[in-house]
Amino acid sequence: MLAGVEWDYDRLEDGTHKIAGEVQLRSYGRFLEEYGAQLKGIEEALEDSVCDSWDVSLGPIYLQFVPYEHTTLLQLIDTDNKVLNKILVVFATLCAEVRYLKSEAKNKYYDTILFYGEGGEGNLQDGAAQLLLSRMLPHLQELSCFVKRCEQVVVQIVEQLAALYSSSRDATYVINATGIHFQDVFEHLGDILVVLLTLDEVLGNHSTLHDHWIIYKRTVKSVQHDPSKFGVEWEKLKNFENLLSKLENHLLTGKIFQIPAVTLVGNMLWFPEQFLLAHLTNMAKLIDKKAQQTVQSRRQTYLQQKSQSLPKEARTFCLQ
1 MLAGVEWDYD
11 RLEDGTHKIA
21 GEVQLRSYGR
31 FLEEYGAQLK
41 GIEEALEDSV
51 CDSWDVSLGP
61 IYLQFVPYEH
71 TTLLQLIDTD
81 NKVLNKILVV
91 FATLCAEVRY
101 LKSEAKNKYY
111 DTILFYGEGG
121 EGNLQDGAAQ
131 LLLSRMLPHL
141 QELSCFVKRC
151 EQVVVQIVEQ
161 LAALYSSSRD
171 ATYVINATGI
181 HFQDVFEHLG
191 DILVVLLTLD
201 EVLGNHSTLH
211 DHWIIYKRTV
221 KSVQHDPSKF
231 GVEWEKLKNF
241 ENLLSKLENH
251 LLTGKIFQIP
261 AVTLVGNMLW
271 FPEQFLLAHL
281 TNMAKLIDKK
291 AQQTVQSRRQ
301 TYLQQKSQSL
311 PKEARTFCLQ
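In the UniProt record's numbering, the protein residues as written are 1 to 320.
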């Protein structure tokens with residue numbers, strides 16, 4: 001039987017294996033040194049060829065491989081509960097739309113706004129501000145449509161959450177959502193609100209854009225006195241002025257992301273004292289400072305009471 005045979009290893013043969021291993025290690029070490037020297041030479045050659053303009057023959061090619069999901073949501077979401085399938089598909093679609101809008105804002109609009117007016121040398125010549133803003137108008141029009149789309153997505157998310165977590169006793173429940181928390185949906189809602197807030201802050205703090213906008217509006221006003229001199233029809237000029245007014249009210253007045261406080265009528269909300277001071281600057285002296293402090297203190301009291309009763313209202317909401 002071979003199982004009972006004991007094999008004896010020759011010590012000389014064992015030393016031969018050790019020597020062969022050392023030879024291979026030294027060979028591998030020389031290979032690594034030569035390969036490192038080649039990489040170093042390539043790096044130095046590329047550094048020497050760096051210039052302001054990109055040379056297609058010398059510049060390296062950058063390839064980016066990004067995986068894309070070709071499976072639809074209807075195929076991914078498949079449970080035994082058909083009602084739950086519909087709910088998950090709706091929220092998944094809204095979350096995917098939020099991710100797309102967030103990426104579009106980052107890659108298309110942020111840099112376009114932030115770098116507007118950069119790169120100029122000294123004071124601009126006559127007509128340069130109008131020319132810069134006229135080139136910016138198509139981007140502002142696209143941005144206005146983008147903001148409207150974001151607002152629609154926010155409304156859809158809130159309406160879907162309200163229908164799912166309805167506290168009304170008369171409401172028809174689609175599914176019992178007690179104890180179910182769609183954390184990802186709320187996170188995506190926060191992401192889209194951050195996009196709106198970022199756009200509002202970037203546009204509101206861009207002094208160059210606002211200065212050029214004022215100059216451009218004055219130029220359009222001056223053209224209205226004699227449109228035929230500039231080869232422009234009166235109706236087209238009037239429509240263009242209305243478009244400028246809509247863009248200004250939508251993007252440049254700080255109304256993209258609003259934090260309302262007082263219900264005026266229906267769903268119209270506002271800060272009364274801040275509204276008067278912001279839009280009626282001449283009445284700032286007529287408003288008593290004590291009255292402003294009183295309004296602010298009452299608002300703070302109201303918010304404190306709401307914050308104290310929030311846990312109780314949350315428990316009541318969860319039990320319903």
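Note that beta-carbon positions come from the ideal geometry of N, C-alpha and C, so glycine has one too.
Using only the alpha-carbon positions, how far apart do residue i and residue j sit?
i	j	result
residue 241	residue 142	17 Å
residue 225	residue 219	11 Å
residue 301	residue 291	15 Å
residue 52	residue 39	At residue 52 the pLDDT is 47, less than 50, meaning the model places this residue with poor confidence; the figure from the coordinates comes in the next sentence. Straight-line Cα distance between these residues: approximately 24 Å.
residue 257	residue 33	59 Å
residue 50	residue 41	Bear in mind that a pLDDT of 47 at residue 50, under 50, signals an unreliable position, so the model cannot answer this.
residue 68	residue 101	17 Å
residue 247	residue 139	11 Å
residue 44	residue 136	41 Å
residue 202	residue 108	14 Å
residue 228	residue 222	12 Å
residue 255	residue 307	26 Å
residue 295	residue 111	40 Å
residue 157	residue 183	13 Å
residue 176	residue 87	12 Å
residue 31	residue 37	10 Å
residue 5	residue 26	For residue 5, the predicted structure reports a pLDDT of 49, less than 50, and the residue's modelled location is therefore unreliable. A value from the coordinates is still provided. Taking the straight line joining both Cα atoms gives about 38 Å.
residue 288	residue 299	17 Å
residue 252	residue 232	26 Å
residue 274	residue 82	50 Å
Assign residue i to buried or exposed, taking buried as 16 or more other Cβ atoms, counted over all protein chains shown, within 10 Å of its Cβ.
i	result
residue 17	exposed
residue 260	Below a pLDDT of 50, predicted positions are generally treated as unreliable, and residue 260, at 48, falls in that range; the measurement from the model is reported next regardless. Burial call: exposed.
residue 185	buried
residue 194	exposed
residue 145	exposed
residue 153	buried
residue 19	exposed
residue 181	exposed
residue 189	buried
residue 340	Nothing in the structure corresponds to residue 340, since the chain is present only between 1 and 320.
residue 303	exposed
residue 286	exposed
Alpha helix (DSSP H) containing residue i: first to last residue?
i	result
residue 138	128 to 164
residue 391	The structure shown does not extend to residue 391, since the chain spans only 1 to 320, so no value can be given for it.
residue 100	82 to 104
residue 250	234 to 251
residue 190	183 to 204
residue 111	110 to 114
residue 258	Looking at the DSSP string, residue 258 is not in any alpha helix (DSSP H), and its letter there is neither H nor E.
residue 75	73 to 76
Pull up the CB-CB distance for residue i and residue j, whole angstroms please, since I reckon it's below 8 Å.
i	j	result
residue 147	residue 196	7 Å
residue 105	residue 199	7 Å
residue 250	residue 113	About 14 Å; that fails the 8 Å criterion.
residue 125	residue 215	Not quite, the Cβ-Cβ distance comes to about 13 Å (not below 8 Å), so this is no contact.
residue 244	residue 217	6 Å
residue 192	residue 98	5 Å
Looking at residue i and the ligand MN, is the gap between the Cβ and the nearest heavy atom below 7 Å?
i	result
residue 65	With respect to the ligand MN, the structure shown offers nothing to examine, as it has no ligands at all.
Taking CB distances under 8 Å as the criterion, tell me whether residue i reaches chain C.
i	result
residue 190	Absent here is chain C; the protein component of the structure consists of one chain.
Please confirm if the region 111 to 118 is in contact with the region 204 to 216, defined as three or more CB-CB distances below 8 Å between the two stretches.
Between the region 111 to 118 and the region 204 to 216, the count of Cβ pairs shorter than 8 Å is three or higher; the stretches touch.
Counting Cβ pairs closer than 8 Å, one from the region 69 to 77 and one from the region 86 to 99, do we hit at least three?
Because the criterion of three Cβ pairs below 8 Å is met, the region 69 to 77 and the region 86 to 99 touch.
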